[in-house]
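Undergrad: Respectively, the protein sequence lines represent chains U and P.
For what it's worth, this note's numbering labels the leading residue of the first sequence as 41, then goes sequentially.
For what it's worth, this note's numbering labels the leading residue of the second sequence as 7, then goes sequentially.
Here a beta-carbon is modelled for each residue, glycine too, at the ideal position from N, C-alpha and C.
Just so you know, these numbers come straight off a predicted model, no measurement behind them.
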Amino acid sequence: MLISKQAAMALAVAQALWCAPVLAVSDNDLNELRDQLRQLRQQYEQRIDALEKRLQQAEQSAAQAKSDATKAADAANTAQASADQATAQASSKPASEGAFNPAVSLILNGTYGNLSRDPNAYRINGFVPTQGEIAPPARSFSLGESELAISANIDHYFRGSLNASLAPDNTLEVEEANIQTLGLSNGFTLKAGRFFSAIGYQNEVHAHAWDFTDAPLANKVFLGNQFADDGVQFKWLAPTDLYLDAGVELGRGRRFPGGPDGGRSKNGVGAANLFAHLGGDLNDSTAWKLGLSNLRTRAEDRSYSDFDSTGTTVTNAFSGTSSLWALSGVLKWSPNGNATERNFKLQGEYFRHNENGSLTYDSTAASLGPQSGGYASRQSGWYLQGVYQFMPQWRVGYRYDRLDSGSTRIGLVDSGALSAADFPLLAGYNPTRNTIMVDWSGSEFSRLRLQLAQDRARLGAIDNQVFLQYIVSLGAHGAHQF
Amino acid sequence: MRIKFQWSALLCAAAALFAALPAAAAINVFACEPEWASLTTEIAGDKAQVYAATTASQDVHHIEARPSLIARIRSADLLVCSGAELEVGWLPVLLTQSGNARIQPGAPGYLEASQYVRRLEIPKVIDRSLGDIHPGGNPHIHTDPRNIAKVAGVLTERLAQIDAANAQTYRVRGKDFLERWRAAIQRWEARAAPLKGMPIVVHHKEWTYLENWLGLRELGTLEPKPGVPPTPGHLAELVAALQRDPARAVIYAPYNDPSAARFLSQRAGIPAVALPYTVGGSAKAKDLFGLFDDTLDKLLAIPAK
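1) Measure the C-alpha to C-alpha separation of Lys304/P and Asn378/U and round it to an integer number of angstroms.
2) Buried or exposed for Ile132/P, please, with buried defined as at least 16 other CB atoms from any protein chain shown within 10 angstroms of its CB.
3) Just reading off the beta strand (DSSP E) that Thr380/U is part of, what are its end residues?
4) With Leu330/U and His317/U assumed to form a contact (beta carbons below 8 Å), what rounded beta-carbon distance in angstroms separates them?
5) Would Thr227/P pass as an interface residue toward chain U - the criterion being a Cβ-Cβ separation below 8 Å?
6) Nearest-angstrom Cα distance between Leu399/U and Gly264/U?
7) To which residues of the same chain is Arg487/U closer than 6 Å at the C-beta, ignoring the five residues directly before and after it?
8) Counting only beta-carbon separations shorter than 8 Å, does His240/P have a partner in chain U?
9) Output yes if chain U places a C-beta closer than 8 Å to the C-beta of His68/P; else output no.
10) For the stretch 221-239 of chain U, list every residue whose C-beta sits within 8 Å of some C-beta in chain P, in sequence order.
11) Please check the pair Gly543/U and Gly414/U, which I expect to be a contact at CB under 8 Å, by giving their CB distance rounded to whole angstroms.
12) Nearest by alpha-carbon distance to Asp270/U: which of Gly518/U, Gly298/U and Ala286/U is it?
13) Looking at C-alpha atoms only, which residue of Phe36/P, Thr61/P, Val56/P and Ser74/P is the closest neighbour of Leu284/U?
14) Please confirm if Gln269/U has its CB atom under 8 Å from at least one CB of chain P.
15) Taking the C-alpha atoms as reference points, what is the distance between Gln220/U and Arg179/U?
16) Can you grab the Cα-Cα spacing for the pair Asp493/U / Val279/P, in whole Å?
17) Determine, for Ala119/U, whether the minimum Cβ-Cβ distance to residues of chain P falls below 8 Å.
18) Look at the Cβ atom of Val168/U, then the Cβ atom of Phe347/U, and state whether they are nearer than 8 Å.
19) In whole angstroms, what is the alpha-carbon distance linking Ala43/P and Ser483/U?
20) For Leu277/U and chain P, any beta-carbon pair shorter than 8 Å?
21) Which residues, in order along the stretch 43-77 of chain P, keep a beta-carbon less than 7 Å from a beta-carbon of chain U?
22) According to DSSP, is Asp254/U helix, strand or coil?
23) Between the C-alpha atoms of Gly226/P and Pro129/P, what's the straight-line distance to the nearest angstrom?
24) Which residues, in order along the stretch 98-111 of chain P, keep a beta-carbon less than 9 Å from a beta-carbon of chain U?
25) For the alpha helix (DSSP H) containing Val157/P, list its first residue and its last residue.
26) Strictly under 8 Å for the Cβ-Cβ distance: is Gln242/U near chain P by that measure?
27) Given a cut-off of 8 Å, decide if Asp65/P and Thr337/U are closer than it, judged by their beta-carbon atoms.
28) Please confirm if Pro256/U has its CB atom under 8 Å from at least one CB of chain P.
29) When you compare only the Cα positions, how much space is there between Leu454/U and Arg304/U?
30) Per DSSP, what are the beta-bridge partners of Cys38/P in this structure?
31) Going along the chain, which unbroken runs of the beta strand (DSSP E) with 3 or more residues stay wholly within the stretch 196-261 of chain P?
32) Output, in sequence order along the chain, the residues in the stretch 437-455 of chain U whose CB is closer than 8 Å to any CB in chain P.
33) Going by alpha carbons, who is nearest to Thr237/P out of Pro40/P, Ala267/P and Val157/P?
34) Starting from Asp285/U and walking both ways along the beta strand (DSSP E), at which residues does that stretch end?
35) What separation, rounded to the nearest whole angstrom, lies between the Cα atoms of His140/P and Pro40/P?
36) Which partner residues does Asp321/U have in the DSSP bridge list?
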């Protein structure tokens, strides 16, 4: 096919030269072309080899095609070769300023929701509200967050990327904006700016790449849906065939479990996360990764709203230390490592959250007036999910969520100053949720999903949820982490 | 306090692992595809430890950025990949996570084979509605052995640059390989003469360079668009088209789902032929020479109409 294309091109050029008087192609032009060829020959020995071969080929085809063209064939071939080279160069080195534009991609997503309970009043009983966006998508039609991602190498030292989220209520949020080193060797990388913390597995994954419409309950109560801090991350990758990395993140603690929202006004480090991952292949078909991390932070006046025993909305505030452990595991299977036809992904995480400090009741004096006492909680939660692609484009998935509110000691209740009814949100409860989904991917860039969930996050109330969702990505081809 | 304790423990562990590193004698080469692993072994012999990131049974467009790949790329001195965006879905993740400056784009340790050959099918129009097209042209360059010869020259010089102490070895072995390779190409071209003009249908456009080399005539693809799985409607159209202009075989790679090729084979009454595609793609394709020997064996075995 290409040979005929080449011949056609040679013919075209040959004909153009054959009609030389009309087109006013002078001997000078031909000489110039020959000069160029000569120069190229001197400079690029290898290229000339290829060029000569093509020259011969085209010569033959040109000779076959038209005897009239033979005289011009040589020059035509030269012209064609230079044209080829010019094309190749043009395609690899565009001359415009835009050549250095960063990779831009845009994620659009929208849902139709049908929920038996009002998502505006969503809460997860037994756990301190996080101020994060933990509510499920709204009833009826709603636009999800549109994500704009821009990234490029800055120079040979750094790579920069921005991930902005355009919320349907017309607000803009910077989800991630960071620079990362390229030039460090020996397995070291340094990241600075705002980034999704390497605590657990799902927290680092962008929402559009999640296998379900919403986050696991554990991520909602312990990380406020998704924890991104402002700070630095220092990571080291071991020089072993078995994957092993370890790192530390130092940040300001601008979000739950730190606080107040936005972080304290204090020099130094407000939150520290230590993490390590281990991973490898079991065989050609199965790969795995385990992670362990510990996020420590100190919250100051981290406030939330509750109804006290008089039925008044009060603002309570926690101050103290917070330690969150996360153990995560991912296993991916595909026949002989070829995920195109069929594949399976098993993912699970276990969180343990301990907080110690003091709890101030009614800090804004809206009801019985501010009172403070000790506070200690030991809580945990986990989820396990499996997603199976049973044929190209089609996947089904199931997820089970379970939280344990554990033992929460409230000093004001223990001392008898207030009753447990003044802290209804903190009353012991173990929320659970069952979720199933099926999705269809038109290509790597589009996905339609149906998700059904039975959510028992609220004490004594079952929320049956149905979501229809589309997620698409425009622009640069994103590469996804394991 | 506890945080500090853990940090120091971590640093100690890191230092210990560092100290335990053995001084590597051979250079580490990370090849994205088996064909480049095989070529590197031909040229470098035991001077390089070559790791093939993928196998013939994997679709290189869709590879998971597995931890094992990140662990290997971290220690690589040289990266040899097809490029032209073939690995765009996974290689960038490996590169940013590698913590390895030697193999970043632009460094001597980064070799994109497709940059050194004349790429075919550079699209005039770039739009995602056209399927998974590659703006840089068709990336499956190794199905033409003349391209492998070109890459061999570049690879030899690159090895010599990275590992100057063994430069002589690479050049001698590289020259030897090229002599054997050029002789083999002559042999293959002589054998393949009867294949010129043979009409075929392919699963995916991974045979463009092979077709160009042997003068095969591609009548259509099982995929309605590059990267889009075959649909019943498209296959029916293909069957109808083949009644007017019959093909002699339908060609697919080891990683393609053979069901579409078999369907067409039955309907159109032409054989479905699995070519090895790359090293390891068949029992005989143990190295690059075996790859093309077997490819020609299988093509020549297709009965004439």
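TA: Checking against the coordinates, here is how it stands:
1) 24 Å
2) exposed
3) That residue, Thr380/U, is in no beta strand (DSSP E); it is neither H nor E in DSSP.
4) Contact flag correct, Cβ pair sits at about 7 Å.
5) no
6) Distance between the alpha carbons of Leu399/U and Gly264/U: 19 Å.
7) Asp479, Ser481 and Ile511
8) no
9) Answer yes: the Cβ-Cβ gap between His68/P and chain U drops below 8 Å somewhere.
10) Leu222, Gly223, Leu224, Ser225, Asn226, Gly227, Phe228 and Thr229
11) This structure does not reach residue 543/U, given that chain U is present from 41 up to 522, and the question cannot be answered.
12) Gly298/U
13) For the set Phe36/P, Thr61/P, Val56/P and Ser74/P, the Cα lying nearest the Cα of Leu284/U is the one of Ser74/P.
14) Going by the sequence as given, residue 269/U is Asp instead of Gln. With 8 Å as the cut-off, Asp269/U does not count as an interface residue toward chain P.
15) 39 Å
16) Contrary to the premise, residue 493/U reads as Ala rather than Asp in this sequence. Each residue's alpha carbon lies about 46 Å from the other.
17) Residue confidence for Ala119/U is low, a pLDDT of 48 falling below 50, so the modelled location carries little weight and cannot support an answer.
18) no
19) Cα to Cα, the separation comes out at about 30 Å.
20) yes
21) Thr61, Ser63, Gln64, Asp65, His68, Glu70, Ala71, Arg72, Pro73, Ser74, Ile76 and Ala77
22) coil
23) Straight-line Cα distance between these residues: approximately 17 Å.
24) Pro98, Val99, Leu100, Leu101, Thr102, Gln103, Ser104, Gly105, Asn106, Ala107, Arg108, Gln110 and Pro111
25) Pro151 to Ile168
26) Cβ-Cβ to chain P under 8 Å: no for Gln242/U.
27) no
28) no
29) Looking at the sequence shown, residue 454/U is not Leu but Asp. Cα to Cα, the separation comes out at about 29 Å.
30) Bridge partners of Cys38/P: none, in fact.
31) Complete beta strand (DSSP E) runs here, min 3: 205-208, 223-227 and 255-258.
32) none
33) Ala267/P
34) Per DSSP, Asp285/U is one residue of the beta strand (DSSP E) stretching across Tyr283 to Gly291.
35) In a straight line, the C-alpha of His140/P is about 21 Å away from that of Pro40/P.
36) Ala327/U
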